[in-house]
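Participant:
Written as structure tokens, this is what we have:
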């Protein structure tokens with residue numbers, strides 16, 4: 273059966289209903305079923321989908337991992353995880369009973385072909401018993417080092433080929449460690465699956481407020497005319513975390529802020545802000561435009577990298593009122609580590625819309641608070657009619673801020689007259705809080721993305737060329753950083769907004785970082 | 028300036044706020060907002076004031092109005108900008124009078140830190156003023172915002188009052204489950220929907236059965252079962268009635284069951300016909316009461332669709348069983364049955380939730396309006 277793209281509802285009973293399509297019965301095989309991601313995110317997301325109806329009756333889960341569990345022990349662990357992490361508590365016993373009847377566990381090493389053959393037998397049995405009709409999703413929820421092995425074994429066992437239904441694979445980030453490894457992984461997965469079967473997941477794209485960027489830009493007529501170099505002075509994208517490593521020192525040492533945040537989440541946000549309107553709201557039309565933005569990024573190479581980037585590590589300090597150690601004192605971190613916990617970048621998007629408009633990105637750990645926002649700063653009025661004494665220097669440029677988290681919403685800063693007989697002007701913020709107009713509980717990002725995959729809608733997933741284009745831009749920075757010695761890594765006090773060098777970096781252009 | 032038309036004592040409605048002359052409503056609201064802003068500065072709470080819609084609630088007595096006003100407290104929607112609570116005192120001996128109260132209402136949204144505030148104007152009209160109620164509320168509406176009218180009783184009133192007030196609204200919301208004369212009221216609504224296309228019509232009862240419609244539709248999202256849709260020849264719907272000893276002779280209102288049946292009939296009639304398939308007009312519809320004491324009378328208990336395709340019969344069932352909070356869905360096929368599924372229906376009962384859903388929609392729900400006309404036709408047979 274051909275792989276579907278977005279399915280058009282052909283069911284006349286769907287007319288007027290909010291849910292336009294529910295997925296076909298299918299089996300989701302979770303590789304790495306005993307891991308943290310499965311228990312914190314995937315199983316609660318699947319349960320919530322079952323609770324809120326979209327999952328069809330025959331939907332089944334097969335956990336595939338090395339630990340010697342039975343169906344029963346895996347079900348019990350799943351129940352414990354859902355009780356702890358689901359946004360809908362307590363677990364509904366009747367719904368759980370139905371959901372649990374479709375949960376199975378298969379113990380196997382990832383390199384053992386016999387395990388995949390057993391999996392094939394189990395899937396065929398579920399097709400018969402639960403009406404899943406050959407529809408399968410393979411979810412790689414393992415460390416990335418296992419991806420290639422699992423994909424190869426899936427292919428060797430013939431699980432990628434399916435005459436009855438559809439087969440899809442979801443691959444978690446990080447997708448590669450650098451450009452070469454991303455290309456290699458793409459090549460390996462491409463040998464077993466066609467591109468339209470591959471769903472590379474970046475959970476940021478499943479967030480309601482990230483999707484709202486597209487709605488904000490493309491469903492409102494008043495913003496698009498000013499969304500360009502003629503009116504925009506510069507753009508700042510901030511992803512700040514107040515947390516530190518949280519016991520993931522080993523992982524983070526290999527990753528760092530640029531791989532952990534910039535290559536995926538932040539460049540995704542950038543593409544949504546900077547892309548041209550797609551010709552249609554379908555997966556490839558949207559992703560075509562996002563890829564164009566990534567290809568239009570002015571490469572940072574050689575000395576450009578050091579002039580347009582700041583990398584830093586956090587030192588000791590206070591976060592949330594508690595003392596925290598320096599990065600180099602964290603468990604699992606080398607004393608000579610060159611891994612950055614903070615990065616600030618400046619670059620340009622070389623196309624007609626954005627030529628000459630600087631984009632500033634910054635992300636870091638142990639910053640004062642957790643916040644993600646995109647700020648579009650507009651150029652000032654061409655002629656200031658009001659005297660400096662009247663404005664007290666307080667008329668700031670108009671800034672449109674898209675807050676992704678927390679307090680999701682949109683703010684517009686503009687100048688207003690202070691009431692009184694004299695002419696005093698102050699900047700004020702006009703705020704829209706998402707929660708003030710819509711209090712409907714927002715689904716978790718994983719719920720939305722898993723459901724989209726079941727429906728064959730890959731709009732919010734990352735395409736092969738998108739991944740490679742993002743890595744191509746990042747690789748130049750990584751290469752240059754690798755050539756530099758440790759003295760180029762700045763230090764910032766934990767609980768501050770980053771190193772002094774980052775402030776000086778943006779002051780050079782006559783700008784300053786926003787204080788989110 | 029409007030004068031009190033009579034000298035009679037004003038009714039005491041403490042929950043409606045402060046009595047003001049109608050001309051001073053805006054002035055008084057401005058003063059209340061100003062005081063609210065001062066309080067906000069003191070308490071550090073964040074008051075969120077939105078401007079999304081005008082919500083007009085039309086009641087025929089003070090207790091009904093108070094009940095509706097109380098429901099707003101539990102309305103999780105924060106869309107409202109202004110509520111105009113119109114009380115029509117249609118008693119024959121009531122003197123002609125218009126009395127107005129204003130208040131601000133504020134409820135916490137996520138925590139007590141963020142609170143949603145909206146303004147509420149209560150207008151009691153009596154005597155001859157009732158006939159002009161549609162005009163009386165006009166200056167009280169916030170400009171450039173859609174008007175949602177929640178009509179609390181049967182949409183049948185003397186002097187065409189429902190039509191006159193509804194026709195200045197963008198959306199009218201009723202609850203057919205509360206109709207005392209369902210047949211006549213459905214007829215009025217159907218006729219209104221046909222004659223006033225600028226006003227959308229909706230029904231909380233329709234919202235109540237939406238989860239059931241979702242489940243019916245979900246059967247036929249599956250490729251395997253889609254062909255059976257065209258072969259449906261029997262629709263069975265059961266609704267709850269209290270045992271005779273409990274009902275005390277209260278008339279039954281089976282509108283939920285009728286809505287489901289009429290909806291299925293309209294949707295099936297849209298299917299392309301072939302000679303071997305059923306014509307929607309030839310579908311057998313059975314609507315039956317089921318004695319069940321533990322759920323609200325009128326609630327749906329069962330939907331069963333029987334389909335034949337190439338001499339193979341498939342049965343699609345949604346059955347409430349004994350559990351008010353869940354239903355069981357099942358597909359019985361010629362050679363194999365599919366797993367039964369328990370589905371929670373727990374979040375679909377409260378009026379405030381249904382209202383919340385309705386306030387999110389502005390345009391016509393053509394599926395509902397088609398069903399309304401079909402239901403009227405079924406009633407008329």
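Residue numbers (the working numbering), protein chains in the order written: chain A, 273 to 788; chain B, 28 to 408.
Cβ atoms here follow ideal geometry from the backbone N, Cα and C, with glycine treated the same way.
1) Where does residue 649 of chain A sit, in a helix, a strand or coil, going by DSSP?
2) Of all the residues that make up the segment 391-418 of chain A, which are near chain B by a beta-carbon distance shorter than 9 Å?
3) With distances taken between CB atoms, is the gap from residue 340 of chain A to residue 506 of chain A smaller than 8 Å?
4) Beta-carbon of residue 297 of chain A versus every beta-carbon of chain B: anything under 8 Å?
5) What's the call for residue 624 of chain A, buried or exposed, on a 16-neighbour Cβ count within 10 Å?
6) List the residues of chain B whose Cβ lies closer than 9 Å to the Cβ of residue 367 of chain A, in chain order.
7) Looking only at its chain, what residues have a beta carbon closer than 6 Å to the beta carbon of residue 652 of chain A, apart from the 5 residues adjacent to it on each side?
8) Would you mind reading off the limits of the alpha helix (DSSP H) that contains residue 767 of chain A?
9) Taking the continuous alpha helix (DSSP H) assigned at residue 196 of chain B, which residues delimit it?
10) Going by the beta-carbon positions, is the gap between residue 581 of chain A and residue 621 of chain A smaller than 8 Å?
11) At a CB-CB cut-off below 7 Å, which residues of chain A make contact with residue 249 of chain B?
12) Does the distance from the C-beta atom of residue 83 of chain B to that of residue 175 of chain B stay below 8 Å?
13) Is residue 346 of chain B helix, strand or coil when you go by DSSP?
14) Is there a Cβ of chain A sitting closer than 8 Å to that of residue 378 of chain B, yes or no?
15) Quick check: what's the CA-CA separation for residue 62 of chain B versus residue 132 of chain B?
16) I need the straight-line Cα distance from residue 294 of chain B to residue 386 of chain B, nearest angstrom please.
17) Does the beta carbon of residue 408 of chain B come closer than 8 Å to any beta carbon on chain E?
18) With DSSP collapsed to three states, give me the class of residue 116 of chain B.
19) Start and end of the alpha helix (DSSP H) containing residue 390 of chain B?
20) For the beta strand (DSSP E) that residue 624 of chain A lies in, which residues bound it at each end?
21) Output the distance between the C-alpha atoms of residue 411 of chain B and residue 128 of chain B, rounded to the nearest integer angstrom.
22) Leaving out the 5 sequence neighbours to the left and right, which residues in its chain are closer than 6 Å to residue 6 of chain B when beta-carbon positions are compared?
23) Is residue 127 of chain B helix, strand or coil by DSSP?
24) Tell me, please, whether the CB atom of residue 469 of chain A is closer than 8 Å to any CB atom in chain B?
25) Which parts of the segment 332-418 of chain A are runs of the alpha helix (DSSP H), unbroken and 4 residues or longer, counting only runs that do not cross its ends?
26) Secondary structure at residue 226 of chain B, three-state DSSP: helix, strand or coil?
27) What is the rounded straight-line gap between the Cα of residue 204 of chain B and the Cα of residue 788 of chain A?
28) Would DSSP call residue 39 of chain B helix, strand or coil?
29) Does residue 117 of chain B get closer than 8 Å to chain A when you measure Cβ to Cβ?
30) Would residue 571 of chain A pass as an interface residue toward chain B - the criterion being a Cβ-Cβ separation below 8 Å?
31) Please classify residue 779 of chain A: is it buried, with 16 or more other beta-carbons within 10 angstroms of its beta-carbon, or exposed?
32) Could you pull the start and end residues of the beta strand (DSSP E) that residue 45 of chain B belongs to?
33) Would a check of beta-carbon distances place residue 365 of chain B closer than 8 Å to chain A?
34) Could you give the distance in angstroms between the alpha-carbon of residue 345 of chain B and the alpha-carbon of residue 319 of chain A?
35) In the DSSP output, which residue or residues are listed as bridge partners for residue 353 of chain B?
36) Does the CB of residue 71 of chain B have a neighbour CB from chain A at under 8 Å?
Facilitator: From the atom records:
1) Strand, per DSSP.
2) From the segment 391-418 of chain A, only 400, 401, 402, 403 and 405 have a Cβ closer than 9 Å to chain B.
3) Cβ distance not < 8 Å, so residue 340 of chain A and residue 506 of chain A don't count as in contact.
4) With 8 Å as the cut-off, residue 297 of chain A counts as an interface residue toward chain B.
5) Exposed is the call here.
6) The contacting residues are 353, 368, 369, 370 and 371.
7) Counting only Cβ-Cβ distances below 6 Å, and skipping sequence neighbours, we find 669.
8) Per DSSP, residue 767 of chain A belongs to no alpha helix (DSSP H) and is neither H nor E.
9) From DSSP, residue 196 of chain B is part of no alpha helix (DSSP H); its letter is neither H nor E.
10) No, these two residues do not count as a Cβ contact at 8 Å.
11) By Cβ distance, chain A contributes 296, 297 and 328.
12) Cβ distance < 8 Å, so residue 83 of chain B and residue 175 of chain B count as in contact.
13) In this structure, residue 346 of chain B counts as strand in the three-state DSSP scheme.
14) It does not: the Cβ of residue 378 of chain B has no partner Cβ on chain A nearer than 8 Å.
15) Roughly 13 Å between the two C-alpha positions.
16) Whole-angstrom Cα-Cα distance: 25 Å.
17) No chain E is part of this structure, whose protein chains are labelled A and B.
18) Residue 116 of chain B falls in the strand class under three-state DSSP.
19) Run containing residue 390 of chain B: none; DSSP gives neither H nor E here.
20) Here residue 624 of chain A belongs to no beta strand (DSSP E), and DSSP marks it neither H nor E.
21) Outside the modelled stretch of chain B, which goes from 28 to 408, sits residue 411 of chain B, for which no answer is possible.
22) Because residue 6 of chain B is not part of the residues shown, which for chain B are 28 to 408, the question remains open.
23) Annotated three-state conformation of residue 127 of chain B is strand, per DSSP.
24) Chain B contact via Cβ: absent.
25) Counting only runs of 4 or more, we get 343-357, 365-372 and 385-402.
26) Reduced to three states, the DSSP call for residue 226 of chain B is coil.
27) A straight-line Cα-Cα distance of about 50 Å links residue 204 of chain B and residue 788 of chain A.
28) Correct three-state label for residue 39 of chain B: coil.
29) Residue contact check for residue 117 of chain B against chain A: no CB pair falls below 8 Å.
30) Interface residue (Cβ-Cβ distance to chain B less than 8 Å): residue 571 of chain A is not classified as such.
31) Exposed: under 16 other Cβ atoms inside 10 Å.
32) Per DSSP, residue 45 of chain B belongs to the beta strand (DSSP E) from 45-47.
33) Answer yes: the Cβ-Cβ gap between residue 365 of chain B and chain A drops below 8 Å somewhere.
34) Approximately 21 Å, taken between the alpha carbons.
35) Bridge pairing for residue 353 of chain B: B/371 [DSSP].
36) Note that residue 71 of chain B scores a pLDDT of 49, beneath 50, so its modelled location is shaky; the value from the coordinates is reported in the next line. Not one chain A Cβ lies under 8 Å of residue 71 of chain B.
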